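K.L.:
Residue numbers (my numbering), protein chains in the order written: chain A, 4 to 102; chain B, 966 to 1514. All C-beta atoms, glycine included, are put in the ideal place defined by N, C-alpha and C. Every value quoted in this text rests on a predicted model; they were computed, and no experiment measured them.
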């Protein structure tokens, strides 16, 4: 199959993720959408790597996975601490500083 | 038939396994980063093995020694000529060791050191159950107001993890300014962002606001870095490499033999333009430029004030370092495309930052919008696309970071029963009660406003001069007008402090330990020194203003 199709898929996944971040309200779901965006990037890296015939893109995909894992650790810690204080993970409820 | 001959029917002698060459790492040139990252790891071990009573002292000692040693290493490298004649790319093309990198690394390390002093301050809050407390939560995992938290406070717990977190953030920033390929750029971006997200959530007072700030910063920061990463993917797709030098060559069409595998993509400007736009967007988010500034006021207000000061100064330096390198090293061939866009961003940033700041009633929010306006002024220097542009931005960043850390350190001093009194109305008449603190804050505000004899004036003058010479005169006009608007609200705070009657139940000014005094003192001295005699430092920035490629 033409590897360009994977690029289109990556772009679609990235857009779905970005749309999800913009329209959803639950911090966990937002976070999952961000992870979807990162995985779309990975797909793009691997597809480009296949097109170019060099391995850089595949190596970068590994780095992205590690970074995404680290981000999960930090992100869930912050979201869970917010949830335990407020008993809600909705980003609309967190509005103490709204003018 | 002998065994060997039979064997040869279905096997063939392989070539001897090719030697994999070990990567060549110039440890000496990477010393500043390695020292800070190593000390951060030692800090983690200190958390694990040192008894609770002595952790604070051990952590502060390790952090101060590491930051000083790293700064000494930067000075050593600069004295060895790595900033000028011997500049080159270390670690197999991943990290640049050149003038801008060393200059900004030195700035980040000093800002980090001053920030560290405010982190370590333990005399501002009244002692809880006989234990000195700092600005950070007793136990980050305890729900505010719960029995667990009360028990943690009674037991005298403190979150000494903030010191390794600070060091990790500094290490990430050091790499961020000197990253010479897009992968290193992305990893460094995350390495310095993740500790900052955590630090934002750790305030002792007003934990709810602090956690809210952390969630907002985290979600928006991760969103922005996802965009950066997709941009990196597209640039990789365009050039077939993530190395700055290679991408720049492909952009300028200087690749002599086009790799047939790349022929489809190098001709595709869509990949280049969208990719570059997305990477620059991620960096503009970190810088806090309009329209990517939405997180700034909330995060600055909610985060513990020492963290805000450190973050406002060091993140801005690191992000502008990376932005400069990206635009000047990777994308100079694209400057006719990015300059108009950056013009728009710079004008929006200056105008929105200055105008929205007028309506603010909280001192931390006010300083946040002021930092947005300053990002716009610095962007004017970035747009100059000249050596003067680079040197003026370097100078401005150095001047700005000390003013910022100092100003937020003063904010930590003005307190009432609920912690810091950040509402502007509470600051009325502060000059009558504690003239020294008010005078020091006035110096910082004047520097923000860019009044002569402060570092802010020298910085603004250099940036606007470079922008005007670089053909961006209309931008300078907008910048000067925005500065005038900004000066209005800085002066308004000064008037509020000195010419208003103090409130009877107004806030008190806490007597700080020598740590905060040192932090504020360094801020004032640097602000005035760079204002009265800027020439030496301008020359230094000028020498440092050449990127390696």
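Count Cβ pairs between the segment 1118 to 1137 of chain B and the segment 1001 to 1008 of chain B that sit closer than 8 Å; are there 3 or more?
P.N.:
Yes, the segment 1118 to 1137 of chain B is in contact with the segment 1001 to 1008 of chain B.
K.L.:
What did DSSP end up calling residue 1072 of chain B once you bin it into helix, strand or coil?
P.N.:
As a working note, residue 1072 of chain B is residue 107 in the second chain. Helix at residue 1072 of chain B.
K.L.:
Answer with yes or no whether the minimum CB distance from residue 88 of chain A to chain B is below 9 Å.
P.N.:
Against the first chain, residue 88 of chain A aligns to sequence position 85. True, the Cβ-Cβ gap to chain B drops below 9 Å.
K.L.:
My output table needs one value for residue 112 of chain A: the three-state DSSP class, helix, strand or coil.
P.N.:
Summary: the structure shown does not reach residue 112 of chain A, with chain A confined to residues 4 through 102, and so no result is reported for it.
K.L.:
State the start and end residues of the unbroken alpha helix (DSSP H) segment that holds residue 1264 of chain B.
P.N.:
Locating residue 1264 of chain B in the second chain gives position 299, counting from the first residue. Here the alpha helix (DSSP H) through residue 1264 of chain B covers 1260 to 1267.
K.L.:
Quick check on this structure: which residue in B:1057, B:1376, B:1208 and B:1485 has the alpha carbon closest to the alpha carbon of residue 990 of chain B?
P.N.:
Walking along the second chain from the start, residue 990 of chain B turns up at place 25. Looking at the Cα atoms, B:1057 is the closest of the given residues.
K.L.:
Label residue 1303 of chain B either buried or exposed according to how many other C-beta atoms from any shown protein chain fall within 10 Å of its C-beta, with 16 as the threshold for buried.
P.N.:
The sequence position of residue 1303 of chain B within the second chain is 338, counting from 1. With 16 or more other Cβ atoms within 10 Å, it is buried.
K.L.:
Whose Cβ in chain B lies nearer than 7 Å to the Cβ of residue 66 of chain A?
P.N.:
Numbered from its first residue, the first chain carries residue 66 of chain A at position 63. Going along chain B in sequence order, the residues near residue 66 of chain A (Cβ under 7 Å) are 1148 and 1152.
K.L.:
At 7 Å on the CB atoms, spell out the chain A contacts of residue 1205 of chain B, in chain order.
P.N.:
Numbered from 1 along the second chain, position 240 holds the residue referred to as residue 1205 of chain B. Per Cβ cutoff of 7 Å: 55 and 57.
K.L.:
Determine the closest residue to residue 1295 of chain B out of B:995, B:1149 and B:1210, with distance taken between C-alpha atoms.
P.N.:
Against the second chain, residue 1295 of chain B aligns to sequence position 330. The shortest C-alpha separation from residue 1295 of chain B is found at B:1210.
K.L.:
Exposed or buried, which one is residue 1446 of chain B when buried takes at least 16 other CB atoms within 10 Å?
P.N.:
By one-based count along the second chain, residue 1446 of chain B stands at place 481. Classification for residue 1446 of chain B: exposed.
K.L.:
How many angstroms separate the CA atom of residue 1431 of chain B from the CA atom of residue 1372 of chain B?
P.N.:
The residue you call residue 1431 of chain B lines up with position 466 of the second chain. The residue you call residue 1372 of chain B lines up with position 407 of the second chain. Roughly 27 Å between the two C-alpha positions.
K.L.:
From which residue to which residue does the alpha helix (DSSP H) around residue 1442 of chain B run?
P.N.:
Counted from its first residue, the second chain places residue 1442 of chain B at position 477. It spans 1438 to 1464 - the alpha helix (DSSP H) in which residue 1442 of chain B sits, taken as one unbroken run.
K.L.:
Please compile the residues from chain A whose C-beta is within a distance smaller than 8 Å of the C-beta of residue 1133 of chain B.
P.N.:
Walking along the second chain from the start, residue 1133 of chain B turns up at place 168. In chain order: nothing, as chain A lies at least about 11 Å away.
K.L.:
Any idea what DSSP makes of residue 1086 of chain B, helix, strand or coil?
P.N.:
What you label residue 1086 of chain B is simply residue 121 of the second chain in a count that begins at 1. Of the three classes helix, strand and coil, the one that applies to residue 1086 of chain B here is coil, per DSSP.
K.L.:
With a threshold of 9 Å between beta-carbons, can residue 91 of chain A be considered close to chain B, or not?
P.N.:
As a position in the first chain, residue 91 of chain A is number 88, starting the count at 1. For residue 91 of chain A, the answer is no, since every Cβ of chain B falls outside 9 Å of its Cβ.
K.L.:
Give the interface partners of residue 3 of chain A over in chain B, defined as CB-CB distance under 8 Å, in chain order.
P.N.:
Chain A is shown only over 4 to 102; residue 3 of chain A falls outside these bounds and no answer can be derived.
K.L.:
Threshold first: 4 residues or longer. Then list the alpha helix (DSSP H) segments lying entirely within the segment 1115 to 1172 of chain B, N to C.
P.N.:
As far as the segment 1115 to 1172 of chain B is concerned, its whole alpha helix (DSSP H) runs of at least 4 residues are 1127 to 1143 and 1147 to 1165.
K.L.:
For chain A, check one thing: does any of its Cβ atoms lie closer than 9 Å to the Cβ of residue 1214 of chain B?
P.N.:
Translated into positions along the second chain, residue 1214 of chain B becomes position 249. Cβ-Cβ to chain A under 9 Å: no for residue 1214 of chain B.
K.L.:
Assuming residue 1395 of chain B and residue 1405 of chain B are in contact, meaning their beta carbons sit under 8 Å apart, how far apart are those beta carbons, in whole angstroms?
P.N.:
Within the second chain, the letter at position 430 stands for residue 1395 of chain B. Within the second chain, the letter at position 440 stands for residue 1405 of chain B. With a Cβ gap of about 11 Å, residue 1395 of chain B and residue 1405 of chain B do not count as contacting.
K.L.:
For the putative contact between residue 1165 of chain B and residue 1039 of chain B, defined by C-beta atoms under 8 Å, what is the C-beta separation to the nearest angstrom?
P.N.:
Within the second chain, residue 1165 of chain B is the residue found at index 200, counting from 1. Within the second chain, residue 1039 of chain B is the residue found at index 74, counting from 1. Contact doesn't hold; Cβ gap of about 27 Å is too wide.
K.L.:
So, is residue 985 of chain B buried or exposed, given that buried needs 16 or more other C-beta atoms within 10 angstroms?
P.N.:
On the second chain, residue 985 of chain B is found 20 positions in, with the first residue counted as 1. Residue 985 of chain B comes out exposed.
K.L.:
On the DSSP bridge assignment, give the partners of residue 1111 of chain B in chain order.
P.N.:
Here residue 1111 of chain B is taken as the residue at index 146 of the second chain, counted from 1. Residue 1111 of chain B pairs with nothing; no bridge assigned.
K.L.:
Comparing alpha-carbon positions, which option in B:1264, B:1215 and B:1315 lies nearest residue 1299 of chain B?
P.N.:
In the second chain, residue 1299 of chain B corresponds to position 334, counting from 1. Of the candidates B:1264, B:1215 and B:1315, the one whose C-alpha sits nearest the C-alpha of residue 1299 of chain B is B:1215.
K.L.:
Exposed or buried, residue 6 of chain A, counting other C-beta atoms within 10 Å across all chains shown (16 or more means buried)?
P.N.:
Taking the first chain and counting its residues from 1, one reaches residue 6 of chain A at position 3. Exposed, by the Cβ-count rule.
K.L.:
Taking the alpha-carbon of residue 1471 of chain B as reference, which of B:1416, B:1068, B:1497 and B:1389 has the nearest alpha-carbon?
P.N.:
Translated into positions along the second chain, residue 1471 of chain B becomes position 506. Checked all of B:1416, B:1068, B:1497 and B:1389; the closest Cα to residue 1471 of chain B is B:1389.
K.L.:
Can you tell me whether residue 1448 of chain B is buried or exposed, with buried defined as 16 or more other CB within 10 angstroms of its CB?
P.N.:
Sequence index remark: in the second chain, residue 1448 of chain B carries index 483 (1-based). So residue 1448 of chain B counts as buried.
K.L.:
May I ask you to list, following chain order, the residues of the segment 1149 to 1181 of chain B that have a beta carbon less than 8 Å from some beta carbon of chain A?
P.N.:
Within the segment 1149 to 1181 of chain B, the qualifying residues are 1151, 1152, 1155, 1159, 1162, 1163, 1166, 1172, 1173, 1174, 1176, 1177, 1178, 1179, 1180 and 1181.
K.L.:
Sort B:1235, B:1316 and B:1280 by Cα distance to residue 1252 of chain B and report the nearest one.
P.N.:
Reading the second chain from its first residue, position 287 is the one you call residue 1252 of chain B. Nearest of B:1235, B:1316 and B:1280 to residue 1252 of chain B, Cα basis: B:1280.
K.L.:
For residue 4 of chain A, which residues in chain B fall below 8 Å Cβ to Cβ?
P.N.:
Residue mapping note: residue 4 of chain A aligns to position 1 of the first chain, counting from 1. The contacting residues do not exist; residue 4 of chain A stays about 16 Å from chain B at best.
K.L.:
Have a look at residue 1341 of chain B and residue 1254 of chain B and give me their C-alpha separation to the nearest angstrom.
P.N.:
Translated into the one-based positions of the second chain, residue 1341 of chain B becomes position 376. Translated into the one-based positions of the second chain, residue 1254 of chain B becomes position 289. Straight-line Cα distance between these residues: approximately 7 Å.
K.L.:
In its own chain, which residues sit with a C-beta less than 8 Å from the C-beta of residue 61 of chain A, not counting the 5 before and 5 after it?
P.N.:
Here the question's residue 61 of chain A lines up with position 58 in the first chain. Hits under 8 Å: 48, 49 and 52.
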